[in-house]
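A.B. asks: So that we are looking at the same thing, I have put the structure below in structure tokens.
Protein chains: 2
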Amino acid sequence: MNARHPVDAAKDSLAAPALYEQVAERLRTRIYAHELAPGAWIDEQGLADEFGISRTPLREALKVLAAEGLVVLKPRRGCYVAALAERDLDEIFPVLALLEGRVAEEATRRLAGLEAGVGPLASADFSRLAEIHAELERHAAAHDIDRFFAANQRFHSALQELAGNRWLSQLIDDTRKFLKLTRRDSLRLDGRLKQSLAEHRAILAAMKKQDAAAAALQMHNHILSGRAALAKLLTQP
Amino acid sequence: MNARHPVDAAKDSLAAPALYEQVAERLRTRIYAHELAPGAWIDEQGLADEFGISRTPLREALKVLAAEGLVVLKPRRGCYVAALAERDLDEIFPVLALLEGRVAEEATRRLAGLEAGVGPLASADFSRLAEIHAELERHAAAHDIDRFFAANQRFHSALQELAGNRWLSQLIDDTRKFLKLTRRDSLRLDGRLKQSLAEHRAILAAMKKQDAAAAALQMHNHILSGRAALAKLLTQP
DNA sequence: CTGGATAATACTGTATCCATAATTATGAAT
DNA sequence: ATTCATAATTATGGATACAGTATTATCCAG
């Protein structure tokens, strides 16, 4: 989890983030880039020197990363970059599929205006989704994986926002953050880009039909499909 | 999340927990007991003095608690105990219901031996569940809420273990930890004990019939039922 | 008596320092 | 030469000290 609190994110947005938070961010970047490789020992003094800071804020940052699961703290033995096994993926993806499926379901309900209280959301929201999807189509056609990846993230984020459940979003974000440890990008697999696009279309179609259950199912399959692609990628990189 | 890493819990069980971890635990206890009330400011120096330690490990502990969502860190303004609103409960319980429902589903599948690879788990596991349930029945009859509460926790834990998905368990544990901020115990509500018991019976019955979907549904309803009880408790305490 | 500016105070954030435990290197004995 | 014991080194965990900023108190003006 982020240092910002999950639900009640008390962000005085103009307040400069504390040093330990900046350090945590820098470390995340390095870990994701495998510049700090999985299993690698983290040299506190070395990094502190390199960052030009003392060990104190660095160690606080490590506590945060440990809570996120990006590093493992071994008492009296130091800190190591977390490594996630095949088994972890097998356990994580189904859960992620469950959560994201629920997001799709809720988002669809919200769009359909079936939710009590809130009332029907403007269809502007749907066009926003459609807009992002159009981007996906374009980037896929151009085989621009990086932009596709970015747009894909925006798509899922937009959906989460639509679903309007902060806790649900939080758990998904936490999970995805952890998953980024693999760095392997299943989109690079041969037919995966096209396949992913097709799955997105199916999700969007279900939402358009205001079929929440179908949207959930399609999203669920979409995530598991990502898992399968990743598995293939790991056997033949 | 806990300071122990979610998946790869590196616990050299005989290693004494670091001081910051012990401190975190003491703070959790105080927070749950509302000895540190929601919204209250946390006096670092004061607590450090009281615990007979320096501010360093205390601050590290606070970072951990912040990651768990139990406290909120405001840059340059200090640390405050998190307060969760009615809306948070409305967002959290459905997610918890989803997750616990999945646990029931997976556990049932495992019991039924439908899972590939692992093979049918010994029916000893089911009798263990049944045993815990018998305890629940007894404590309910005796109106021993505390023991009922404890046995209830064991029941859910046993189920999680059966389901065998560590990530799923982790998310549930995180969520429950956060929920404990309310401290309000829905079991204290008038007919809730009996009702909860009935729901447990339904869950167990579904599992016995090896009906995973039904088990999931019953568990789902069980959790949401807990939410409803809590809501009632908050209007008329 | 109220409002605002300035000074005093207190607390957070960071750096430095020290003690202790773990690891590695060294040496002696079998 | 191998193995065990012991010493040296290094890193972690914790305490203390210091700087900078937010908050509170005080005082003066209107």
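For the record, the sequence lines run as chains A and B.
So in numbering that gives the first Met the number 0, spot 234 of the first sequence is number 233, and the numbers just go up one at a time.
So in numbering that gives the first Met the number 0, spot 142 of the second sequence is number 141, and the numbers just go up one at a time.
The beta carbon of each residue, even a glycine, is placed where N, CA and C say it ideally should be.
(1) Report yes or no: is there a C-beta of chain A within less than 8 angstroms of the C-beta of B/TRP40?
(2) Between the C-alpha atoms of B/ILE30 and B/VAL80, what's the straight-line distance to the nearest angstrom?
(3) How would you list, in chain order, the residues of chain A whose beta-carbon sits under 7 angstroms from the beta-carbon of B/VAL63?
(4) Could you tell me which of A/PHE147, A/LYS231, A/ALA227 sits nearest to A/ALA96, measuring between CA atoms?
(5) According to DSSP, B/TYR79 sits in a beta bridge with which residue or residues?
(6) Is it true that the CB of A/ASP173 sits closer than 8 angstroms to the CB of A/PHE148?
(7) Nearest-angstrom Cα distance between A/ILE144 and B/LYS231?
(8) So with CB distances below 7 angstroms, who are the chain A contacts of B/ILE91?
(9) Do A/ALA162 and A/GLU105 have their C-beta atoms closer together than 8 angstroms?
(10) Answer with buried or exposed for A/GLY112, where buried requires no fewer than 16 other C-beta atoms within 10 angstroms of its C-beta.
(11) Compare the C-beta of A/ARG146 against all C-beta atoms of chain B and say whether one is closer than 8 angstroms.
(12) Kindly indicate which three-state DSSP category B/ARG108 falls into: helix, strand or coil?
(13) Taking all protein chains shown into account, decide if A/THR107 is buried (16 or more other Cβ within 10 angstroms of its Cβ) or exposed.
(14) Could you check if B/GLY68 is buried or exposed, using at least 16 other CB atoms within 10 Å of its CB as the buried criterion?
(15) So, with DSSP's three-state summary, where would you put B/LYS207?
(16) For a contact meaning CB atoms closer than 9 angstroms, what does B/ARG101 contact in chain A?
(17) Please report the straight-line C-alpha distance between A/TYR19 and B/GLU160, rounded to a whole angstrom.
(18) Compare the C-alpha of A/ALA215 against each of A/ALA197, A/VAL102, A/ALA39 and name the closest.
(19) What first and last residue would you give for the alpha helix (DSSP H) that runs through A/GLN152?
(20) Quick one: is A/ALA215 near chain B, going by C-beta distance under 8 angstroms?
(21) Quick one: give me the first and last residue of the alpha helix (DSSP H) that B/ASP172 is part of.
(22) Please state whether the Cβ-Cβ distance between A/ALA240 and A/VAL63 is less than 8 angstroms.
(23) At the level of alpha carbons, what is the spacing between B/PRO93 and B/ARG86?
(24) With DSSP run on the structure shown, which of helix, strand or coil describes A/THR181?
(25) Would you kindly work out how many angstroms separate the C-alpha atoms of B/ALA166 and A/ILE91, rounded to a whole number?
(26) For the candidate residues B/ALA139, B/ARG187, B/ALA213, whose alpha-carbon lies nearest to that of B/GLN235?
(27) Find the residues of chain B that neighbour A/LEU57, judging by a C-beta separation of less than 7 angstroms, and give them in chain order.
(28) One question on the structure: do B/SER224 and B/GLN194 come within less than 8 angstroms of each other, judged by their Cβ atoms?
(29) Quick one: what's got a C-beta closer than 8 angstroms to A/SER122's C-beta in the same chain, skipping five residues either side?
(30) Give the residues from the segment 127-140 of chain B that approach chain A closer than 8 angstroms (Cβ to any Cβ), ordered along the chain.
(31) Restricting to Cα atoms, I'd like to know which of B/LEU98, B/ARG58, B/ARG137 is closest to B/ARG175.
(32) Three-state secondary structure (DSSP) at B/GLN235?
(33) Out of A/ASP48, A/ALA141, A/PHE125, which one is the CA nearest neighbour of A/LYS207?
(34) Helix or strand or just coil, what does DSSP make of A/SER195?
(35) Does A/PRO37 get closer than 8 angstroms to chain B when you measure Cβ to Cβ?
(36) Cβ of A/LEU178 less than 8 angstroms from any chain B Cβ?
C.D. replies: Working from what's here:
(1) By 1-based counting over the second sequence, the position of residue 40 of chain B is 41. Judged by the 8 angstroms Cβ criterion, B/TRP40 is not in contact with chain A.
(2) In the second sequence, the residue the question calls residue 30 of chain B occupies position 31. In the second sequence, the residue the question calls residue 80 of chain B occupies position 81. When rounded, the distance between both Cα atoms is 7 angstroms.
(3) Here the question's residue 63 of chain B lines up with position 64 in the second sequence. Those within 7 angstroms of B/VAL63 in chain A are LYS62, ALA66.
(4) As a position in the first sequence, residue 96 of chain A is number 97, starting the count at 1. For the residues A/PHE147, A/LYS231, A/ALA227, the minimum Cα distance to A/ALA96 belongs to A/ALA227.
(5) For the purposes of this step, residue 79 of chain B is taken as residue 80 along the second sequence, with counting starting at 1. The partner list for B/TYR79 (beta bridge, DSSP) reads B/TRP40, B/VAL71.
(6) On the first sequence, residue 148 of chain A is found 149 positions in, with the first residue counted as 1. On the first sequence, residue 173 of chain A is found 174 positions in, with the first residue counted as 1. No, they are not a contact pair.
(7) Here residue 144 of chain A corresponds to residue number 145 of the first sequence, with the count starting at 1. Here residue 231 of chain B corresponds to residue number 232 of the second sequence, with the count starting at 1. Near 51 angstroms, if we compare the C-alpha coordinates of B/LYS231 and A/ILE144.
(8) For the purposes of this step, residue 91 of chain B is taken as the residue at position 92 of the second sequence. Going along chain A in sequence order, the residues near B/ILE91 (Cβ under 7 angstroms) are TRP166.
(9) Within the first sequence, the letter at position 163 stands for residue 162 of chain A. Within the first sequence, the letter at position 106 stands for residue 105 of chain A. For A/ALA162 and A/GLU105, yes; Cβs fall inside 8 angstroms.
(10) As a working mapping, residue 112 of chain A is identified with position 113 in the first sequence. Label assigned to A/GLY112: exposed.
(11) Taking the first residue of the first sequence as 1, we reach residue 146 of chain A at position 147. False, the Cβ-Cβ gap to chain B never drops below 8 angstroms.
(12) Residue numbering aside, residue 108 of chain B sits at position 109 when the second sequence is read from its first letter. In this structure, B/ARG108 counts as helix in the three-state DSSP scheme.
(13) Along the first sequence, one-based indexing puts residue 107 of chain A at 108. Buried, since its Cβ has 16 or more Cβ neighbours within 10 Å.
(14) Position 69 of the second sequence, counted from the first residue, corresponds to residue 68 of chain B. Its Cβ being crowded by 16 or more others within 10 Å, B/GLY68 is buried.
(15) Your numbering for residue 207 of chain B matches position 208 in the second sequence. Three-state result, B/LYS207: helix.
(16) Here residue 101 of chain B refers to the residue found at position 102 of the second sequence. Result: PRO93, VAL94, LEU97.
(17) What you label residue 19 of chain A is simply residue 20 of the first sequence in a count that begins at 1. What you label residue 160 of chain B is simply residue 161 of the second sequence in a count that begins at 1. Approximately 36 angstroms between the Cα atoms of the pair.
(18) The count along the first sequence starts at 1 and reaches residue 215 of chain A at position 216. Answer by Cα proximity: A/VAL102.
(19) Taking the first sequence and counting its residues from 1, the one referred to as residue 152 of chain A is at position 153. It spans 144-162 - the alpha helix (DSSP H) in which A/GLN152 sits, taken as one unbroken run.
(20) What you label residue 215 of chain A is simply residue 216 of the first sequence in a count that begins at 1. False, the Cβ-Cβ gap to chain B never drops below 8 angstroms.
(21) Within the second sequence, the letter at position 173 stands for residue 172 of chain B. That run of the alpha helix (DSSP H) goes 165-178.
(22) Since the displayed chain A opens at 0 and closes at 236, residue 240 of chain A lies outside it and no answer follows.
(23) Here residue 93 of chain B is taken as the residue at index 94 of the second sequence, counted from 1. Here residue 86 of chain B is taken as the residue at index 87 of the second sequence, counted from 1. If you take the alpha carbons of B/PRO93 and B/ARG86, they lie about 12 angstroms apart.
(24) Residue 181 of chain A sits at position 182 when you count from the first residue of the first sequence. The answer is coil: DSSP assigns A/THR181 none of H, G, I, E or B.
(25) Residue 166 of chain B sits at position 167 when you count from the first residue of the second sequence. Residue 91 of chain A sits at position 92 when you count from the first residue of the first sequence. A small fix is needed here, since residue 166 of chain B is Trp in this sequence, not Ala. Those two C-alpha atoms are separated by around 6 angstroms.
(26) On the second sequence, position 236 is the one that residue 235 of chain B refers to. Nearest of B/ALA139, B/ARG187, B/ALA213 to B/GLN235, Cα basis: B/ARG187.
(27) By 1-based counting over the first sequence, the position of residue 57 of chain A is 58. By Cβ distance, chain B contributes nothing, its closest Cβ being about 12 angstroms from A/LEU57, past 7 angstroms.
(28) Taking the first residue of the second sequence as position 1, residue 224 of chain B is located at position 225. Taking the first residue of the second sequence as position 1, residue 194 of chain B is located at position 195. A contact, by the Cβ cut-off of 8 angstroms.
(29) Position 123 of the first sequence, counting from 1, holds the residue named residue 122 of chain A. If we look at A/SER122 and ignore the five residues flanking it on each side, its Cβ neighbours are LEU110.
(30) none
(31) What you label residue 175 of chain B is simply residue 176 of the second sequence in a count that begins at 1. Comparing Cα positions, the closest option is B/LEU98.
(32) As a first step, residue 235 of chain B must be located in the second sequence, where it is residue number 236. Three-state result, B/GLN235: coil.
(33) Counted from its first residue, the first sequence places residue 207 of chain A at position 208. The shortest Cα separation from A/LYS207 among A/ASP48, A/ALA141, A/PHE125 belongs to A/PHE125.
(34) What you label residue 195 of chain A is simply residue 196 of the first sequence in a count that begins at 1. Helix at A/SER195.
(35) As a working note, residue 37 of chain A is residue 38 in the first sequence. Chain B, which has no Cβ nearer than 8 angstroms to the Cβ of A/PRO37, makes this no.
(36) Here residue 178 of chain A refers to the residue found at position 179 when the first sequence is read from its first residue. Closer than 8 angstroms: no.
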